[in-house]
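If you read the sequences in order, they're chains A and B.
First residue of the first sequence: 35, per the working numbering; consecutive thereafter.
First residue of the second sequence: 194, per the working numbering; consecutive thereafter.
The beta carbon of each residue, even a glycine, is placed where N, CA and C say it ideally should be.
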Amino acid sequence: MEVLQYLITGFSIALTPMNLFYCFLGCLWGTMVGILPGIGPLGGIAILLPLTFKMDPTASIIMLSGIFYGAMYGGSTTSILLNIPGEAASIATCLDGYQMARQGRAGPALVVAALGSFIGGTISIIALMLFAPPLAKAMLKIGPGEEFSLMVLALIIMSFVSSASVLKTLAMILLGLLIATVGMDPFTAYPRFTFGCLGLANGIDFVPLAIGLFGVSEILMNFEEMAKVGIIKPTFRDLLPQWKDLRDSLGPVSRGSVIGIFFGFVPGISHVVSTFISYAVEKKLSRHPEEFGKGRIEGVAGPETANNATTGTAMVPLLVLGIPAIPATALLMSALLIHNVNPGPQLIQDHPAVFWGLIASMYIGNFMLLILNLPLVSIFINLLRIPYAYLAPSILVISIVGVYGVNSNPVDIILLAFFGIIGYVLRKFRFEMAPLVLALVLGDKIEMSFRRALTTSEGSLWIFFKSSFSKVFLIAAVLILALQLIAWLAGFRTQEKEKSP
Amino acid sequence: MAAVREKTGDMVISGILFSIGLAAILLSRFMPPGEFSVPGPGFFPTLLGTFLCIVSGAQAGRLMAKKGGHSVVRIGHPRIWATLAALLGIAVFFETLGFIPVIALFVFFGLKTLSPLRWITCLLIAGAAAAGAFLFFNTLLGVQLPPVRWL
């Protein structure tokens, strides 16, 4: 009953004309970046992040979250119509979605993907609404030792699921943590690595770094391959699915929702892994597993539902623990911190308007996305007709405005170019940017909880093993690292054996 | 475009990361280290620098032990250098010329380089895009931008 009252308050906040406008803007931009290959939710959020600095915190988180879950919707469109996943979580949808489109059944695939996304997204928001408040109450009892262990675990999981090599990912995490130490020491205000430069006193500016590493580097990468794509363009009539399609999708949508909700809680892996697990489950349960990959509707319904079902629960670690589970939520966290809203167990108590306003806006946003992604799909698909020659300068202009708008300092544009080229070179050599940004966002918190824990325990490292929570987190982190090491050694030995005559 | 051996590029990046770690350790020596029970400002950067040296050193060691690795990475397409030069140009002239002329020039330059459009079409699109962007960001979203300086 209490939850219902809070939800009504949340709707009264989310339904104000301004918040509705920002929610729509976020969903629209999210759908666009989801459709356009090569930008993705990370770049999409990073580019618009600076524009939110002058908004109130609720409006800014409403808009940025809209981009996050909007991109999940939009990603399916290009997967089905072009066999190009707009973002990584849509790869599984390509397998059967594109085959359906080639057989002239793009419409049912798009409708089922949109309906599945809507159902999965909505159930996920309900899970967020029900799990977050009690979990936040429980988390209020944890100390700096547990907090540190949990953040270490989150970073180690990130290194485990990253597609780059373990050492490269660990190097990026450490570099991100080191960059986070630039500026005033959080305890003593002692300047660190500032070299007497006042501009560095508050640390390295997050905005040019994030937009440069994600947005600009992506554009630079795409400049090398400006390929033209052939488009299958369905009409409104083509969108009508048959009754059989809907009936066949019912089971996959239900199972996809459960899988997505569960994996949303797991840091680092939620979106991509949940889609592949859902695909594997559907194939296993199907009476015709041999037809998977040749255009089965279950292969679209399950993964798309699972993908969107993670969006709500992926917010739980961010809002309740103050730990972004995935890189996109790391950017949402930085937006909240800029507005002096500290994500963590206190958020629901201290800023109920932000929390419940966000939840209500997610319900509204999901509905908006259903409308944007069904009747308007043929309009959105026209975005893919825009040659990259026109698109790239437009995205760069938005990035420039975003970066300049924060401090009104043209030096930030130079930093944007600098981080853009750094990101480009690192990505060419298969270093991932997401662990770096995640570590940068968590850096201050990790250092503070580590130093606070040592001060509380008078220098005893036992504090990190004292509580069972902390023990579990650290043992899990050590196990994951050991697993990676064993896998690496095994791979290395096999390589050596193969090479020896 | 320059062709760089993947192994060489990885080695160079590992070397840079190792240097960053080493620099962090050395520079942290000038900060109050504190005690283990009350860590000072230099404690955490020293720890991170040490770990970064270990990890990047291990990566370099792995690369040296690895046989083969002759795959080539092509970097530095001319469009990339042109974009970076354009971004630096924008930074230099942003406040002296103002948003509209600088962005119009940038879009014109971008279209002329990337698209087959005639220069007059590029100019018209660039002007309209710059004015539209100014109206959207400045007037609608309230981002403070210098319009045209000479007016």
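Residue-level contact to chain B via CB, residue i, 8 Å cutoff
i: A:V435; result: yes
i: A:G138; result: no
i: A:K202; result: yes
i: A:P421; result: yes
i: A:P275; result: no
i: A:G493; result: yes
i: A:V431; result: yes
i: A:V263; result: Annotation note: pLDDT 48 at A:V263 (below 50); position unreliable, coordinate value reported separately. It does not; no Cβ of chain B falls within 8 Å.
i: A:G457; result: no
i: A:R485; result: yes
i: A:K88; result: yes
i: A:F58; result: no
i: A:A451; result: yes
i: A:S151; result: no
i: A:G77; result: no
i: A:E481; result: yes
i: A:L184; result: no
i: A:P469; result: no
i: A:D239; result: no
i: A:L254; result: yes
i: A:T50; result: no
i: A:Y397; result: no
i: A:P444; result: yes
DSSP state of residue i mapped onto helix, strand, coil
i: A:R237; result: The amino acid occupying residue 237 of chain A in the given sequence is Gly; Arg does not appear at that position. Three-state result, A:G237: coil.
i: A:R136; result: helix
i: A:G249; result: helix
i: A:P142; result: helix
i: A:P220; result: coil
i: B:V295; result: helix
i: B:P232; result: strand
i: A:I372; result: helix
i: A:V263; result: Residue confidence is low: A:V263 scores 48 on pLDDT, short of 50, so the model does not pin down where it sits. No coordinate-derived value is stated.
i: A:A359; result: coil
i: B:G227; result: strand
i: B:R267; result: strand
i: B:V341; result: coil
i: B:A196; result: strand
i: A:R226; result: strand
C-alpha gap between residue i and residue j, whole angstroms
i: A:P487; j: A:I213; result: Inspection of the sequence shows that residue 487 of chain A is occupied by Ala rather than by Pro. About 22 Å.
i: B:F329; j: A:L450; result: 22 Å
i: A:L470; j: A:I191; result: 13 Å
i: A:V67; j: B:V205; result: 34 Å
i: A:P168; j: A:P91; result: 23 Å
i: A:I455; j: B:G303; result: 18 Å
i: A:K278; j: A:A147; result: 15 Å
i: A:A364; j: B:I313; result: 44 Å
i: A:K505; j: A:F498; result: 7 Å
i: A:Y458; j: A:M467; result: 10 Å
i: A:F452; j: A:A244; result: 11 Å
i: B:V285; j: A:L517; result: 50 Å
i: A:V263; j: A:Y422; result: In this predicted model, A:V263 has a pLDDT of only 48, less than 50, meaning its place in the structure is not dependable; the value taken from the coordinates is given anyway. Roughly 11 Å separates the two Cα atoms.
i: A:L353; j: A:G44; result: 16 Å
i: A:S368; j: A:A473; result: 12 Å
i: A:F465; j: B:S230; result: 36 Å
i: A:G230; j: B:A217; result: 16 Å
i: A:V37; j: A:A362; result: 27 Å
i: A:L83; j: B:R198; result: 37 Å
Expected contact under 8 Å - CB spacing of residue i and residue j to nearest Å
i: B:P238; j: A:T215; result: 5 Å
i: A:G298; j: A:A235; result: So it is not a contact: roughly 38 Å between Cβ atoms.
i: A:G77; j: A:G64; result: With a Cβ gap of about 11 Å, A:G77 and A:G64 do not count as contacting.
i: A:L115; j: A:G327; result: Wrong, their Cβ atoms sit about 17 Å apart, outside the cutoff.
i: A:I95; j: A:L371; result: With 8 Å as the limit, A:I95 and A:L371 do not qualify as a contact, their Cβ atoms being about 11 Å apart.
Below-8 Å beta-carbon distance, residue i vs any chain D residue
i: B:T276; result: Here chain D cannot be found, since the structure's protein chains are A and B.
Cβ of residue i within 8 Å of any chain A Cβ
i: B:P340; result: no
i: B:G291; result: no
i: B:L333; result: no
i: B:S212; result: no
i: B:L307; result: yes
### Message
Taking 8 Å as the cut-off, does the segment 209-218 of chain B touch the segment 242-251 of chain B (at least 3 CB pairs, one atom from each stretch)?
### Response
yes
### Query
Do three or more CB pairs link the segment 317-337 of chain A to the segment 378-389 of chain A at distances below 8 Å?
no
### Task
Kindly confirm or deny that the segment 245-254 of chain A and the segment 422-434 of chain A touch, where touching means at least three C-beta pairs closer than 8 Å.
yes
### Task
Determine contact between the segment 478-495 of chain A and the segment 172-186 of chain A, defined as no fewer than three beta-carbon pairs at a distance below 8 Å.
yes
#### Entry: Touch test, the segment 282-294 of chain A against the segment 154-163 of chain A, Cβ-Cβ under 8 Å, three pairs minimum
yes
#### Entry: Segment contact flag, the segment 398-417 of chain A with the segment 46-58 of chain A, C-beta cutoff 8 Å, min 3 pairs
yes
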